[in-house]
Amino acid sequence: MSDVLLEARGIVRLYPGNIALKGVDFCIYRDKVNVLIGENGAGKSTLMRILSGVERADEGTILVESKPVQIRSPREATALGIAIMHQELSVVPNLDVTENIFAGRELTKSGLLIDKSNEDRQSQRALERLQQHLDVDRHVSQYSLGTRQMVELARTIAHGSRILILDEPTSALSTAEAASLFRVVEELKASGVSIVYISHRLHELLHLGDHFTVLRSGRVVGEAPRAQVTREWIVERMSGRTEELTSMRAAVPDDAETVLEVRNLTLAPSVGDEGAQAPVHDVNLSLRCGEILGIYGLLGAGRTELLEALAGLRKLEDGRIQVRGKRVHSESVSGAARAGLVLVPEDRQRDGLIPDLSIRENIALVSSSGPVYSRQKELERVRSLVRDLQIRANDLELPVVALSGGNQQKVLLARCLMRDPVVLMLDEPTRGVDVGAKAEIYGILKDLASRGLSILFTSSEIEETRLLADRVLVMCQGRVRVELQKEELTDEALFAAASPDVACAQRIEGVPA
Amino acid sequence: MAATQILTQRDRLASSSARVALLLLRGRALIVLVLLVLAFSALTPLFFTANNLAILSKHVALSAILAIGMTFTILTEGIDLSVGSVAGLSGIVAGYVITNGHRGTVAAIFAAIAVALVVGLLNGFLIVRAGVAPFIATLGTLYMARGAALLSSSGRTFPNLASKSKAFAVIGQGSLLHVPIPVCLMLLLYAVAAFIASRTPLGRHIYAVGGNERAARLAGIEVSRVKVITYLASAFCAALVGIIIASQLDAAHPATGESFELNAIAAVVLGGTSLSGGRGSITGSLLGAFVIGVLADGLVMLGISEFWQIAIKGAVIVAAVAIDQFQVRLQARLLPFLLRSNPEAGA
Numbered sequence: 002m003s004d005v006l007l008e009a010r011g012i013v014r015l016y017p018g019n020i021a022l023k024g025v026d027f028c029i030y031r032d033k034v035n036v037l038i039g040e041n042g043a044g045k046s047t048l049m050r051i052l053s054g055v056e057r058a059d060e061g062t063i064l065v066e067s068k069p070v071q072i073r074s075p076r077e078a079t080a081l082g083i084a085i086m087h088q089e090l091s092v093v094p095n096l097d098v099t100e101n102i103f104a105g106r107e108l109t110k111s112g113l114l115i116d117k118s119n120e121d122r123q124s125q126r127a128l129e130r131l132q133q134h135l136d137v138d139r140h141v142s143q144y145s146l147g148t149r150q151m152v153e154l155a156r157t158i159a160h161g162s163r164i165l166i167l168d169e170p171t172s173a174l175s176t177a178e179a180a181s182l183f184r185v186v187e188e189l190k191a192s193g194v195s196i197v198y199i200s201h202r203l204h205e206l207l208h209l210g211d212h213f214t215v216l217r218s219g220r221v222v223g224e225a226p227r228a229q230v231t232r233e234w235i236v237e238r239m240s241g242r243t244e245e246l247t248s249m250r251a252a253v254p255d256d257a258e259t260v261l262e263v264r265n266l267t268l269a270p271s272v273g274d275e276g277a278q279a280p281v282h283d284v285n286l287s288l289r290c291g292e293i294l295g296i297y298g299l300l301g302a303g304r305t306e307l308l309e310a311l312a313g314l315r316k317l318e319d320g321r322i323q324v325r326g327k328r329v330h331s332e333s334v335s336g337a338a339r340a341g342l343v344l345v346p347e348d349r350q351r352d353g354l355i356p357d358l359s360i361r362e363n364i365a366l367v368s369s370s371g372p373v374y375s376r377q378k379e380l381e382r383v384r385s386l387v388r389d390l391q392i393r394a395n396d397l398e399l400p401v402v403a404l405s406g407g408n409q410q411k412v413l414l415a416r417c418l419m420r421d422p423v424v425l426m427l428d429e430p431t432r433g434v435d436v437g438a439k440a441e442i443y444g445i446l447k448d449l450a451s452r453g454l455s456i457l458f459t460s461s462e463i464e465e466t467r468l469l470a471d472r473v474l475v476m477c478q479g480r481v482r483v484e485l486q487k488e489e490l491t492d493e494a495l496f497a498a499a500s501p502d503v504a505c506a507q508r509i510e511g512v513p514a
Numbered sequence: 142m143a144a145t146q147i148l149t150q151r152d153r154l155a156s157s158s159a160r161v162a163l164l165l166l167r168g169r170a171l172i173v174l175v176l177l178v179l180a181f182s183a184l185t186p187l188f189f190t191a192n193n194l195a196i197l198s199k200h201v202a203l204s205a206i207l208a209i210g211m212t213f214t215i216l217t218e219g220i221d222l223s224v225g226s227v228a229g230l231s232g233i234v235a236g237y238v239i240t241n242g243h244r245g246t247v248a249a250i251f252a253a254i255a256v257a258l259v260v261g262l263l264n265g266f267l268i269v270r271a272g273v274a275p276f277i278a279t280l281g282t283l284y285m286a287r288g289a290a291l292l293s294s295s296g297r298t299f300p301n302l303a304s305k306s307k308a309f310a311v312i313g314q315g316s317l318l319h320v321p322i323p324v325c326l327m328l329l330l331y332a333v334a335a336f337i338a339s340r341t342p343l344g345r346h347i348y349a350v351g352g353n354e355r356a357a358r359l360a361g362i363e364v365s366r367v368k369v370i371t372y373l374a375s376a377f378c379a380a381l382v383g384i385i386i387a388s389q390l391d392a393a394h395p396a397t398g399e400s401f402e403l404n405a406i407a408a409v410v411l412g413g414t415s416l417s418g419g420r421g422s423i424t425g426s427l428l429g430a431f432v433i434g435v436l437a438d439g440l441v442m443l444g445i446s447e448f449w450q451i452a453i454k455g456a457v458i459v460a461a462v463a464i465d466q467f468q469v470r471l472q473a474r475l476l477p478f479l480l481r482s483n484p485e486a487g488a
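From first to last, the protein sequence lines are chains A and B.
Heads up: the first sequence begins at 2 in the working numbering, then just goes up one per residue.
Heads up: the second sequence begins at 142 in the working numbering, then just goes up one per residue.
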């Protein structure tokens, strides 16, 4: 039996105006975690779509166990035992767990009636393999994002997949949820499932991966087993340049003016249409001119809620917000913005961009006051921001969706900067942005800070928090637990402080950063 | 690599022909309108005469004016089904004031507009505060406004309005430099609306709310205010239409404006505005209204049966939406080309 379960040879995929894959050779090794890395647009997802039958290659052959196969549809891929879990979850929230697991291939009695009890038994078994103890009759909408992902994983297991493709599975998960996903991946591997793992998070890959393949602009530029792989090896091949992700920055002088002062900020837990919001208790913080303050915490720690309260999106139950010594009373976004507090939201597509509007209109969305705006003045302002933030677009009238993730994020940054903020707030500043653009955004933020803008950001990525912040507040269960200065910032310190209890801290310890 | 060369050649061809196709698609309402006018002019000498065109545009003006407010509501991902009823109610209010009051034309017009705005405000309130879906909210006010019109007139007509107010008759029947006043009003309103849509923050906010409401709210746009304004605008347009009809007919009838909302929606859709909000234009709706008007008028001139006219109108609307979807897909496919034309982009 050969080590290679699936081999793709010379895969070429043409898109209008673009060659997505230029003759890629890719092997999936048996019982291994096969890591695929590359910047956005390198061709990772295209390759996976070809292997899972969503798209077809223009050239090239695919061999499974050394025999050539045709994968012309997702159904044929499933028949070969290939399952893919997409970046976006594809569970149906208003069906129950079993119904989701068997959606599309229901078990039937005499081909007519659904055999629910048999289905329930099998889903239970699949979930047990994942160490998930769920009520299979409950609607998926009642479970958290991480659990929904487990349901999707259970779906692939229940159908006996040999190859499981995970496309950025942790992008929406908290550290604890991700840790339990890693355990599941290890177990699946041990039980004879070969895994293809795609992620931007290098520490995850280094922890999980057995065999590494790096793609750049549609070509394989590196391939090696784990033993030969280091962080530098990956980054160098991915971006084609060795780059120190962070530049040092002069410390903020102690006598710098305090621009933001938050005292005893408390938010009641609220149940909105998108599920319950975490409460925030008694948070105090202050931010000096030109300082970058990070807020680190797990999912549900209240980080996002805190920023939303400062941005005027939430009603304070108690507490006081002061900007430059003046109390901010406003409970509206425009009021907070007038006081100098603006927020770049976490979910760009859902909360940030207006897809039908052009790049220019997205940047200038709310900049002008008064009933009529001056096109000339607006255009000058937008152009100078596009230059400053290095947004790569010659034609500002193109729809904003034409841009890559990193450039879209910069568009939202520009929109906030149009309002001349005192404090720029960012919720997950580089979510879904490739490594190259990440470094660029860090550079831009640091540059803005040294020009006197104060920045407050939250992140669930330890590395990002460490690289970007001058000082970090660690939140846990709605409270600020620890304040860490720049020199105290280590991965271990951040992890430990963010975990709700000792047991949890120990569980996560297995994940090196 | 051979694949690269083949690709670039194939690309260039595909790209340029797709661009031309896209350009034609974007201007399709205008192209269709011109073709219709040419065709009818060729087929019957009665069509392209000053007299017929004046009558035609006077007709079109009614649904075109309704289509302005309708475009705004649809751009925010809403809809206003109540416009026909509101037009009827406004006409009745104007008729009532002129018949029973002693206050003149201006008071009648103001009263008609005020009552319409109350309905518009109610629409806005139901949608923004009570959270009723726009389709349902305005369906409700459609019946409420019609009921109010019937109740306040006891189902009767207010006749002979011109005998009580000469000025009132001018609105529907007069003309300015040989252009009928309703047509003048239509052009004026379109100029104002197009300016609002493309050159004011309010206009941009309307597109933003329809494109991505959550993002608009988070960016600090007062979404509720924007929506209420669109329903007020729609009710205002409906009031003008009600007044114009009452003036044209020299009588206010409580059943005026029945099913007018459908013509207005058809015009908006033909003009390329998407029912899912965020995409479309004011001028498109004007062209859409004229396409419908010219088609109806031309078919009458050719002596085609009314039954056929109805069926043809339906087919045209469905075709318009299908073509619109085609354009959206083509545009999405063209995006890589557009980006490639500036090599720095898309990194």
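Quick reminder that beta carbons are idealized off the backbone N, C-alpha and C, glycines included.
Note that the structure is a prediction, hence the values are computed from the model and not measured.
Query raised in the report: Under a CB-based cut-off of 8 Å, is Ile362/B close to chain A?
Result: The count along the second sequence starts at 1 and reaches residue 362/B at position 221. For Ile362/B, the nearest CB of chain A lies under 8 Å from its own CB, placing it at the interface with that chain.
Query raised in the report: Opposite Phe102/B in the DSSP bridges: which residues?
Result: Nothing in the structure corresponds to residue 102/B, since chain B is present only between 142 and 488.
**Report entry** DSSP beta-bridge partners of Lys411/A
**Finding:** By one-based count along the first sequence, residue 411/A stands at place 410. In the DSSP output, where bridge partners are listed per residue, Lys411/A has none listed.
Query - Close Cβ partners of Val185/A (< 8 Å) along its chain, the five nearest in sequence each way excluded - result: Position 184 of the first sequence, counting from 1, holds the residue named residue 185/A. The beta carbon of Val185/A lies closer than 8 Å to those of Leu131, Gln132, Met151 and Leu154 in the same chain, with the five residues before and after it left out.
Query raised in the report: Would Leu230/B pass as a contact of Ala289/B if the rule is Cβ separation under 8 Å?
Result: The sequence position of residue 230/B within the second sequence is 89, counting from 1. The sequence position of residue 289/B within the second sequence is 148, counting from 1. Closer than 8 Å, so yes.
**Report entry** 4-residue-minimum alpha helix (DSSP H) runs that sit fully inside the stretch 199-256 of chain B, ordered along the chain
**Finding:** As for any alpha helix (DSSP H) of minimum length 4 sitting wholly inside the stretch 199-256 of chain B, the runs are 224-241, ordered along the chain.
Query raised in the report: In chain A, what lies closer than 8 Å to Pro275/B by C-beta?
Result: Position 134 of the second sequence, counted from the first residue, corresponds to residue 275/B. For the C-beta of Pro275/B, not a single chain A residue is nearer than 8 Å; the gap to the nearest is close to 18 Å.
Query raised in the report: Any idea if Gly383/B is buried or exposed, counting beta-carbon neighbours within 10 angstroms, 16 or more meaning buried?
Result: Within the second sequence, the letter at position 242 stands for residue 383/B. Burial is judged here by how many other beta carbons sit within 10 angstroms of a residue's own beta carbon; Gly383/B has at least 16 and is buried.
Requested in this report: Using a Cβ cut-off of 8 Å, pull out every chain B residue sitting near Leu354/A, in sequence order please.
Outcome: Translated into positions along the first sequence, residue 354/A becomes position 353. Residues of chain B passing the Cβ test: Asn353 and Ala356.
Query raised in the report: Name the chain B residues that come within less than 9 Å of Val334/A, Cβ to Cβ?
Result: Along the first sequence, read from residue 1 onward, the residue named residue 334/A stands at position 333. Going along chain B in sequence order, the residues near Val334/A (Cβ under 9 Å) are Arg358, Leu359, Ala360, Gly361, Ile362 and Glu363.
Report task. Inspect the beta-carbon positions of Phe377/B and Ser204/B and report whether they are closer than 8 Å. Result -> Counted from its first residue, the second sequence places residue 377/B at position 236. Counted from its first residue, the second sequence places residue 204/B at position 63. Contact: no.
Query raised in the report: So, are the CB atoms of Leu397/A and Ile360/A less than 8 Å apart?
Result: The residue labelled residue 397/A in the question sits at position 396 within the first sequence. The residue labelled residue 360/A in the question sits at position 359 within the first sequence. Cβ atoms of Leu397/A and Ile360/A: closer than 8 Å.
Query - Sub-8 Å separation of Ile158/A and Ala127/A beta-carbons - result: Position 157 of the first sequence, counting from 1, holds the residue named residue 158/A. Position 126 of the first sequence, counting from 1, holds the residue named residue 127/A. Judged by beta-carbon spacing, Ala127/A lies within the 8 Å limit of Ile158/A, meaning their Cβ atoms are closer than that value.
Query raised in the report: Fully enclosed by the stretch 203-272 of chain A, which alpha helix (DSSP H) runs are 4 residues long or longer?
Result: Fully enclosed alpha helix (DSSP H) runs of 4 or longer: 203-209 and 232-240.
Query - Boundaries (first-last residue) of the beta strand (DSSP E) holding His282/A - result: The residue given as residue 282/A occupies position 281 in the first sequence. Run containing His282/A: Val281 to Arg289, per the beta strand (DSSP E) assignment.
Query raised in the report: Which residues, in order along the stretch 396-422 of chain B, keep a beta-carbon less than 8 Å from a beta-carbon of chain A?
Result: Of all residues in the stretch 396-422 of chain B, Gly419 and Arg420 have a Cβ within less than 8 Å of some Cβ in chain A.
Query raised in the report: Does DSSP classify Gly276/A as helix, strand or coil?
Result: Here the question's residue 276/A lines up with position 275 in the first sequence. Confidence at Gly276/A is low in this model, with a pLDDT of 46, below 50, so the placement of that residue should be treated as unreliable; the coordinate-derived value is given next. The answer is strand: DSSP assigns Gly276/A an E or B state.
Query raised in the report: Contact check, Arg315/A vs Leu261/A under 8 Å by CB: the rounded distance?
Result: Start at 1 with the first residue of the first sequence, and residue 315/A comes out as number 314. Start at 1 with the first residue of the first sequence, and residue 261/A comes out as number 260. No, Arg315/A and Leu261/A are not in contact; Cβ-Cβ is about 16 Å, not under 8 Å.
Report task. For the beta strand (DSSP E) containing Asp428/A, list its first residue and its last residue. Result -> As a working mapping, residue 428/A is identified with position 427 in the first sequence. Taken as a continuous stretch (DSSP letters only), the beta strand (DSSP E) holding Asp428/A covers Val424 to Asp428.
**Report entry** CB contact below 8 Å: Arg167/B versus chain C
**Finding:** The chain labelled as chain C is not found among the protein chains of the depicted structure, namely A and B.
Requested in this report: Using the Cα positions of Gly341/A and Val424/A, report the straight-line distance between them to the nearest angstrom.
Outcome: For this step, residue 341/A is matched to residue 340 along the first sequence. For this step, residue 424/A is matched to residue 423 along the first sequence. Gly341/A and Val424/A: Cα-Cα distance of roughly 6 Å.
Query raised in the report: Does the beta carbon of Pro69/A come closer than 8 Å to any beta carbon on chain B?
Result: Indexing the first sequence from 1 puts residue 69/A at position 68. So, not an interface residue.
Requested in this report: List the residues of chain B whose Cβ lies closer than 8 Å to the Cβ of Leu96/A, in chain order.
Outcome: Residue mapping note: residue 96/A aligns to position 95 of the first sequence, counting from 1. Residues of chain B passing the Cβ test: none, with the nearest at roughly 24 Å.
Query raised in the report: When the cut-off is 8 Å and only beta carbons count, does Arg340/B lie next to chain A?
Result: Position 199 of the second sequence, counted from the start, is the residue given in the question as residue 340/B. For Arg340/B, the answer is yes, since a Cβ of chain A falls inside 8 Å of its Cβ.
Query raised in the report: Hey, how far is the Cα of Glu381/A from the Cα of Phe336/B?
Result: Mapped onto the first sequence, residue 381/A falls at position 380. Mapped onto the second sequence, residue 336/B falls at position 195. Taking the CA atoms as reference points, Glu381/A sits about 21 Å from Phe336/B.
Query raised in the report: Quick one, which residues of the stretch 371-387 of chain A are near chain B if we go by CB-CB under 7 Å, in chain order?
Result: Listed by position along the chain: Pro372, Val373 and Tyr374.
Report task. Closer than 7 Å by beta-carbon distance: list the chain B residues that pair up with Asp357/A, in chain order. Result -> In the first sequence, counting from the first residue as 1, residue 357/A sits at position 356. Correct list: Tyr348, Gly352, Gly419 and Arg420.
Report task. Let me know if Val161/B comes out buried or exposed under the rule of 16 or more other beta-carbons within 10 Å of its beta-carbon. Result -> For the purposes of this step, residue 161/B is identified with residue 20 of the second sequence, where counting begins at 1. That one is exposed.
Report task. Following the continuous alpha helix (DSSP H) through Met442/B, name the residue where it begins and the one where it ends. Result -> Taking the second sequence and counting its residues from 1, the one referred to as residue 442/B is at position 301. For Met442/B, the uninterrupted alpha helix (DSSP H) run begins and ends at Ile423 to Met442, by DSSP.
Report task. Check the DSSP bridge columns for Lys68/A and list the partner residues they point to. Result -> On the first sequence, residue 68/A is found 67 positions in, with the first residue counted as 1. Val65/A.
Query raised in the report: Along chain B, in chain order, which residues have C-beta atoms closer than 9 Å to that of Arg416/A?
Result: Here residue 416/A corresponds to residue number 415 of the first sequence, with the count starting at 1. Going along chain B in sequence order, the residues near Arg416/A (Cβ under 9 Å) are Ala360.
Requested in this report: Check the Cβ of Arg351/A against every Cβ in chain B and list those closer than 9 Å, keeping chain order.
Outcome: Taking the first residue of the first sequence as 1, we reach residue 351/A at position 350. The contacting residues are Asn353, Arg355 and Ala356.
Requested in this report: Quick one: grab the DSSP three-state call for Phe188/B.
Outcome: Start at 1 with the first residue of the second sequence, and residue 188/B comes out as number 47. Of the three classes helix, strand and coil, the one that applies to Phe188/B here is coil, per DSSP.
Query - CA nearest to the CA of Arg452/A, picked from Cys477/A, Asp421/A and Val475/A - result: Numbered from 1 along the first sequence, position 451 holds the residue referred to as residue 452/A. Of the candidates Cys477/A, Asp421/A and Val475/A, Asp421/A places its Cα closest to the Cα of Arg452/A.
Query raised in the report: Which residues share a DSSP beta bridge with His140/A?
Result: Translated into the one-based positions of the first sequence, residue 140/A becomes position 139. DSSP output for His140/A lists Asp97/A as bridge partner(s).
Query raised in the report: Is Arg270/B close to chain A, meaning its C-beta is less than 8 Å from at least one C-beta of that chain?
Result: Your numbering for residue 270/B matches position 129 in the second sequence. By this cut-off, Arg270/B is not an interface position.
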